[in-house]
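Remarks on the structure that follows.
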Amino acid sequence: MKIPLFPLDVVLFPGAALPLHIFEPRYKDLTQYCLQHAMEFGVVRAWRDGLAVIGCTASILSVLHRYPDGRLDILCRGEWRFEVESLDDSSSYLQAEVDVFEDVEDASAISTREQREQCAALHMEMLQLSGSEAREFPHVDLDRPVAFLLAASIPSDLKFKQELLRERSDATRTSRLVEFYHAILPKLRRGAMVSSAARSNGHVM
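Rendered as structure tokens:
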């Protein structure tokens with residue numbers, strides 16, 4: 032199928048929120064087209080050498096504000112992952128023929144509740160140690176896969192996030208997130224100890 036394409040310096044995950052300020056004429060056209068036709072557009076990561084092949088569609092949940100000059104603030108949500116097959120630049124905005132895909136249908140590719148609970152607990156610790164407030168923790172249902180929603184708010188490079196978006200096994204995504212937390216948490220814990228010692232004029236051995 033063909034969809035409008037919005038290249039951005041982000042990686043959008045299914046279920047994740049995406050607020051956008053629309054100001055370029057071509058993306059005003061894209062937004063109006065999608066609103067008029069109740070259509071999703073595709074978000075793909077853009078970098079200096081080109082575009083990512085794997086992206087995620089975004090639905091426009093609401094128009095938050097319309098400016099007199101035609102700019103818009105909109106709130107979107109990630110929906111379905113896709114792979115770009117070909118590009119079409121015949122319109123004012125880029126379009127693409129895409130194939131939508133889901134995870135492989137294999138019981139071993141689904142994370143267990145224990146894995147999801149571990150992932151969520153580590154994510155919460157990361158937020159606390161980094162000074163984020165509890166309200167920033169995404170609402171998750173531990174009876175369902177949580178990796179995408181958690182990954183949307185991790186302080187990681189876009190390359191890692193792009194790899195998670197491409198991965199077709201929830202169990203593998205969850206496992207990779209756990210590895211990420213185990214890699215970053217020792218540094219955050221150390222930093223928290225140093226800060227605590229500094230406040231109490233103590234020493235960290």
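Numbering (my numbering), first residue to last: 32 to 236. Glycine residues also receive a C-beta, built at the ideal position from the N, C-alpha and C atoms. Quick caveat, the model's predicted, so the values are computed rather than measured.
DSSP-derived helix/strand/coil call for residue i
i: SER139; result: helix
i: GLU194; result: helix
i: LEU66; result: helix
i: PHE44; result: coil
i: PHE237; result: Any property of residue 237 remains undetermined from this structure, which presents the chain solely from 32 to 236.
i: PRO35; result: strand
i: PRO50; result: strand
i: MET236; result: Here the model assigns MET236 a pLDDT of 46, short of 50, so the residue's position is not dependable and the matter cannot be decided.
Which residues DSSP lists as bridging residue i, in chain order
i: ALA77; result: LEU82
i: ALA214; result: None; ALA214 has no bridge partner.
Beta-carbon spacing of residue i, residue j below 8 angstroms
i: GLN193; j: ARG76; result: yes
i: LEU173; j: GLU148; result: yes
i: ARG102; j: HIS52; result: yes
i: LEU219; j: MET157; result: yes
i: ASP201; j: SER139; result: no
i: ALA182; j: PHE44; result: yes
i: LEU118; j: VAL209; result: no
i: PRO38; j: LEU125; result: yes
i: LEU196; j: GLY46; result: no
i: PRO169; j: LEU106; result: no
i: VAL60; j: SER123; result: Before going on, a small fix: residue 60 reads as Asp here, not Val. Yes, Cβ-Cβ distance for ASP60 and SER123 is below 8 angstroms.
i: ALA178; j: ARG204; result: yes
i: VAL42; j: LEU189; result: yes
beta-carbon residue i near the ligand MG non-hydrogen atom, thresh 7 angstroms
i: PHE37; result: Looking for the ligand MG in the displayed structure turns up nothing, as the structure carries no ligands at all.
- Message: Assess contact between the stretch 114-133 and the stretch 32-49, defined as three or more Cβ pairs (one per stretch) separated by less than 8 angstroms. Is contact present?
- Response: The count of Cβ pairs closer than 8 angstroms, one atom from the stretch 114-133 and one from the stretch 32-49, reaches three, so the stretches are in contact.
- Message: Runs of 4 residues minimum, wholly inside the stretch 87-172: which ones carry the alpha helix (DSSP H) assignment?
- Response: Fully enclosed alpha helix (DSSP H) runs of 4 or longer: 144-160.
- Decide if the stretch 78-88 is in contact with the stretch 107-114; the criterion is three or more beta carbon pairs, one per stretch, under 8 angstroms apart. At 8 angstroms Cβ cutoff, the stretches touch.
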